[in-house]
Amino acid sequence: MVEVKNVSKSFGDNVVLDHISFNVDEGENFVVFGKSGSGKSVLLKCMVGLMEPDSGEIKIDGRSVLNIPINELNEIRKHIGFLFQGAALYDSMTVRENLEFPLIRNFDFTPEVRFEKVMNVLKKVGLEEAIDKKTAELSGGMKKRIGLARTIITEPMLILYDEPTTGLDPITSKEISQLVVELQKDFKTTSIVVTHDLICAKIVANTAIVLKDAKIGFEGDIKELESSNDKFLKNFFSGEIVDTISGEL
Amino acid sequence: MENSRKDNQVIFNDSLTDFFLTIAGLTSFTLKFFKNVFIPPFEFSEIKKHMDVLGIKTMPIVTVAGFIIGLVLAMQSQPVMQRFGAESYIPSMVVLSVVRELGPVLTALLFAGRVSSGIGAELGSMRVTEQIDAMEVSAVNPYKYLVVTRILACTFILPILVLYVDFLAILGGYFALKLSTGTTFLLYINAIFKSLEFSDLIPGILKTFVFGFIVGSVGSYKGYNAENGTVGVGHASTSAVVMSSLLILLVDMVLVKITVWIWAS
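Protein chains in written order, with this note's numbering: chain A, 27 to 275; chain B, 771 to 1035.
Below is the structure:
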């Protein structure tokens, strides 16, 4: 479903991604781990054409997303959902208008069908009562849920999640992570989740990679990563400060 | 002393580079407008919505300003004109000054202060909260949806506001003369229509389309390219007002010369 091959990206002298390669299979929940500033979000933005890598190749469903005309890119984007870190809800619109926006712009549904779809996704995220609210009236957790609803309303084949649990309390964070898994099951989508939240990763991931020093440090099953003896991974998963050079606590 | 001179030179060079970069950026941003404006969908409902909002937003301030411009102009000129025995020319002077120059330029400056900053802040906050990226990822052209509609709304709403301000300023002039000399409304209106020609009205209105375009494009440019979080939004908002006001005055200077040349010939 997703092929990332030798992707590199730098900002000035700062190399953020250095020849990153991985594949994500259809229906898989793939987690990209890494410390803050390790280039996780940049990688995700390269996948939808919001940023252009310096070199490398990215294919989604067999089609390259790099160096193609904007019309072709938009055709691919119609089948991709993207949940932004801050949900990125349009704050001049109500919840209903936010959810209807991608449907109005890209599909020819009647108002009745649109409303039905809006109600369905709101039901999925448990926020039917928020339909007429302005986004400013929503809490952080509610915004994430509505963002999620907007992401799935077009029934995309691939959903990219950029830090879906950042800034949320542990309970809401867990609920959002479970919701990600439920949605994957219901809509049979492929998901790529960028996060540094271990609880989220444990709930969501089938496979994971860890970005370290702009490269893929580790790749594998989440349990393998957790039980690894590597100092960096131990540090990452335990949250303890380990000297990554000497390995001492 | 030497160091401070060098620092000043660096600051001057940086400002100059920034200025030329901004002009280059604004030019390419504006060219993008002409590339996008003729491509469907045309977003008429969005344009109408923005025209409503921008018009209503600016209405109170231009109402007060318009009336006062005419009132003060007539009040200030009355003693001077009286000294030369030319009191009967005050209505003509008021209407020609307002229609040709004061109405369009002052309204455009007020509009820039109210609207350009608003557009800069709105688009800037959309940029830093990734709403523009979200639109792009949804396969929607954010430039067309957010920028083209706002520029068109500004371009078409400003001439309407200027006509409204011209009317209020003429009314303000009448009230000043009524209070000071007891001029009747009929006499005032007659004097106005005797002196006013289409060649006075047309350039004044035409240039407001250009001013509206400047306000919309500068505000959008600053907001659309905002960076560095909330600080960037504030900067986008204030610099949009400064830049659009300055451009309005500079372009006015050129347009006055052109219109005088066209209509005089």
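Ideal Cβ placement from N, Cα and C applies to all residues, glycine included. Just so it is clear, the structure is predicted and the values come from calculations on it, not from any experiment.
C-alpha gap between residue i and residue j, whole angstroms
| i | j | result |
| --- | --- | --- |
| G773 of chain B | D44 of chain A | Checking the sequence, you will find Asn at residue 773 of chain B rather than Gly. Straight-line Cα distance between these residues: approximately 42 Å. |
| Y859 of chain B | V1030 of chain B | 22 Å |
| V1003 of chain B | D117 of chain A | 15 Å |
| L1025 of chain B | N998 of chain B | 37 Å |
| I824 of chain B | K211 of chain A | Note on identity: in this sequence residue 824 of chain B is Leu, with Ile being the wrong assignment. So the two alpha carbons sit approximately 46 Å from each other. |
| A156 of chain A | V121 of chain A | 7 Å |
| I84 of chain A | K238 of chain A | 20 Å |
| K776 of chain B | D788 of chain B | 18 Å |
| E126 of chain A | I940 of chain B | 47 Å |
| N146 of chain A | R140 of chain A | 10 Å |
| L949 of chain B | K160 of chain A | 51 Å |
| V236 of chain A | F799 of chain B | 39 Å |
| V268 of chain A | T233 of chain A | Note that V268 of chain A scores a pLDDT of 48, beneath 50, so its modelled location is shaky; the value from the coordinates is reported in the next line. Straight-line Cα distance between these residues: approximately 25 Å. |
| F926 of chain B | M863 of chain B | 28 Å |
| F258 of chain A | C226 of chain A | 19 Å |
| R870 of chain B | E967 of chain B | 11 Å |
| S81 of chain A | V917 of chain B | 31 Å |
| A923 of chain B | S203 of chain A | 43 Å |
| K827 of chain B | R884 of chain B | 8 Å |
| N778 of chain B | L791 of chain B | 20 Å |
| V834 of chain B | L879 of chain B | 14 Å |
| S34 of chain A | F108 of chain A | 21 Å |
| A996 of chain B | A904 of chain B | 16 Å |
| V42 of chain A | F262 of chain A | 19 Å |
| L947 of chain B | I921 of chain B | 39 Å |
| E250 of chain A | Q111 of chain A | 27 Å |
| F963 of chain B | V935 of chain B | 17 Å |
| D128 of chain A | K61 of chain A | Here the sequence assigns Pro to residue 128 of chain A, which means Asp is not the residue at that position. Distance between the alpha carbons of P128 of chain A and K61 of chain A: 32 Å. |
| E142 of chain A | E813 of chain B | 25 Å |
| T919 of chain B | G986 of chain B | 9 Å |
| K805 of chain B | K1027 of chain B | 29 Å |
| I179 of chain A | E208 of chain A | 15 Å |
| F808 of chain B | A794 of chain B | 23 Å |
Identity of the residues DSSP links to residue i by a beta bridge
| i | result |
| --- | --- |
| E245 of chain A | A:I235 |
| F56 of chain A | A:I218, A:T233 |
| E189 of chain A | E189 of chain A is not bridged to any residue. |
| F48 of chain A | A:V30 |
| L43 of chain A | A:K35 |
| K160 of chain A | A:T120 |
| E813 of chain B | Answer is none; E813 of chain B lacks a bridge partner. |
| E83 of chain A | A:K31 |
| L184 of chain A | A:I106, A:T216 |
| S90 of chain A | A:K85 |
Close Cβ partners of residue i (< 8 Å) along its chain, the five nearest in sequence each way excluded
| i | result |
| --- | --- |
| S887 of chain B | G989, S1007, T1008, A1010, V1011 |
| E857 of chain B | Q848, M851, T951 |
| L971 of chain B | V869 |
| V980 of chain B | V1021, L1025 |
| V151 of chain A | R171, I172, L174, A175, L205 |
| E201 of chain A | G167 |
| M77 of chain A | K35, V68, K71 |
Inter-residue CB distance, residue i and residue j (contact presumed, cutoff 8 Å)
| i | j | result |
| --- | --- | --- |
| I96 of chain A | V74 of chain A | Not quite, the Cβ-Cβ distance comes to about 12 Å (not below 8 Å), so this is no contact. |
| F56 of chain A | I242 of chain A | With 8 Å as the limit, F56 of chain A and I242 of chain A do not qualify as a contact, their Cβ atoms being about 12 Å apart. |
| V907 of chain B | I975 of chain B | With 8 Å as the limit, V907 of chain B and I975 of chain B do not qualify as a contact, their Cβ atoms being about 42 Å apart. |
| R176 of chain A | N124 of chain A | 6 Å |
| V220 of chain A | L70 of chain A | 5 Å |
| G993 of chain B | A882 of chain B | Wrong, their Cβ atoms sit about 14 Å apart, outside the cutoff. |
| A909 of chain B | N93 of chain A | About 18 Å separates the two Cβ atoms, so there is no contact after all. |
| G873 of chain B | P929 of chain B | 11 Å between Cβ atoms; not a contact. |
Cβ-based neighbour list, residue i, same chain, cut-off 6 Å, excluding 5 preceding and 5 following
| i | result |
| --- | --- |
| L938 of chain B | G836, F837 |
| L1114 of chain B | Residue 1114 of chain B falls outside the range modelled here, since chain B spans only 771 to 1035, and no answer is possible. |
| P973 of chain B | T1029 |
| D188 of chain A | S67, L70, F110, Q111, V220 |
| P861 of chain B | Y958, A961, I962 |
Neighbourhood of residue i by C-beta, 7 Å cutoff - its chain only, sequence neighbours within 5 removed
| i | result |
| --- | --- |
| I984 of chain B | S1014, L1017, I1018, V1021 |
| V50 of chain A | M27, V28, F56, T216, I218 |
| G164 of chain A | According to the sequence shown, residue 164 of chain A is Leu rather than Gly. If we look at L164 of chain A and ignore the five residues flanking it on each side, its Cβ neighbours are A156, I172. |
| K31 of chain A | S47, G82, E83 |
| L876 of chain B | A835, I839 |
| V865 of chain B | I940, I962, S965, L966 |
Closer than 7 Å at the beta carbon, the chain E residues around residue i
| i | result |
| --- | --- |
| V74 of chain A | No chain E appears in this structure, whose protein chains are A and B. |
Residue i CB to nearest heavy atom of the ligand MG below 6 Å
| i | result |
| --- | --- |
| A227 of chain A | The ligand MG is absent from the structure shown, which contains no ligand whatsoever. |
Below 7 Å between beta carbons is the criterion; list the residues of the region 885-910 of chain B that meet it against any residue of chain A, in chain order.
T899, E900, Q901, D903, A904, E906, V907, S908, A909, V910
Taking a Cβ distance cut-off of 8 Å, strictly less, list which residues of the region 101-114 of chain A are near chain B, in chain order.
E101, R103, K104, I106, F108, F110, Q111, G112, A114
What residues in the region 121-146 of chain A have a beta carbon less than 9 Å from any beta carbon of chain B?
Correct list: F127, P128, R131, N132.
Along the region 172-192 of chain A, where does the CB come closer than 7 Å to a CB of chain B? Name the residues.
none
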